[in-house]
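The numbering of the sequence shown is this note's numbering, which starts it at 3 and goes up by one.
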Amino acid sequence: MGLDMYILRKPNTGDECEIAYWRKANEIHNWMVRNTNYSDDTCMANITRENIEKLKYDCEDILNKCNVVVRDGNIISFTNTEYAEQNMPTVDGFFFGSLDYDDFYFRDIVDTVEYCERILENYSEWLDNGELIYYAWY
Numbered sequence: 003m004g005l006d007m008y009i010l011r012k013p014n015t016g017d018e019c020e021i022a023y024w025r026k027a028n029e030i031h032n033w034m035v036r037n038t039n040y041s042d043d044t045c046m047a048n049i050t051r052e053n054i055e056k057l058k059y060d061c062e063d064i065l066n067k068c069n070v071v072v073r074d075g076n077i078i079s080f081t082n083t084e085y086a087e088q089n090m091p092t093v094d095g096f097f098f099g100s101l102d103y104d105d106f107y108f109r110d111i112v113d114t115v116e117y118c119e120r121i122l123e124n125y126s127e128w129l130d131n132g133e134l135i136y137y138a139w140y
């Protein structure tokens, strides 16, 4: 049990395909709720190029302002967690995971930047015959 979150490519014909996956990254879920047309009724949102660009920008801002150092895929150090708390806050929920601003929080942010880069590189191709959907299950 817990918060599982996806960005799915949903073609006009055929099966949907997972593009990004997070587990209990409640700060990303909170961002999606605040910045997209997310509906609690469907647990879904349509994702636009602008959404992905803003999410990438906001995550990079957190990494820069919190002085996050990543080496060999590992979070080595970070400071200024107050900035993260103010600008990409965690959110409490039923089995939503930790509310701490720690290595796991910043790992989610790093992963999100990587997901956004991949989505932006392929956006036109993926959207020619379909749409991108954010989906959360908890």
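Where a beta carbon is used, it is the ideal one built from N, C-alpha and C, also for glycine. None of the values given here were measured: they were computed from a predicted structure.
In or out: residue i buried (at least 16 other Cβ within 10 Å) or exposed?
i    : result
T28  : Contrary to the premise, residue 28 reads as Asn rather than Thr in this sequence. Buried is the call here.
G99  : buried
D110 : buried
What is the rounded straight-line gap between the Cα of residue i and the Cα of residue j?
i    : j    : result
E20  : Q88  : 30 Å
W24  : D104 : 16 Å
D94  : N131 : 36 Å
E119 : K58  : 8 Å
H31  : M7   : 7 Å
F108 : I77  : 7 Å
F97  : F106 : 16 Å
Over what stretch of residues does the alpha helix (DSSP H) that includes residue i continue unbroken?
i   : result
A86 : T83 to N89
M46 : No alpha helix (DSSP H) contains M46, which is instead part of the beta strand (DSSP E) from M46 to I49.
Per DSSP, residue i is paired with what?
i    : result
E133 : K12
C142 : In the structure as shown, the chain begins at 3 and stops at 140. Residue 142 is therefore absent and cannot be evaluated.
I believe residue i touches residue j by the beta-carbon criterion, under 8 Å. Please report the beta-carbon distance rounded to the nearest angstrom.
i    : j   : result
Y137 : C45 : 6 Å
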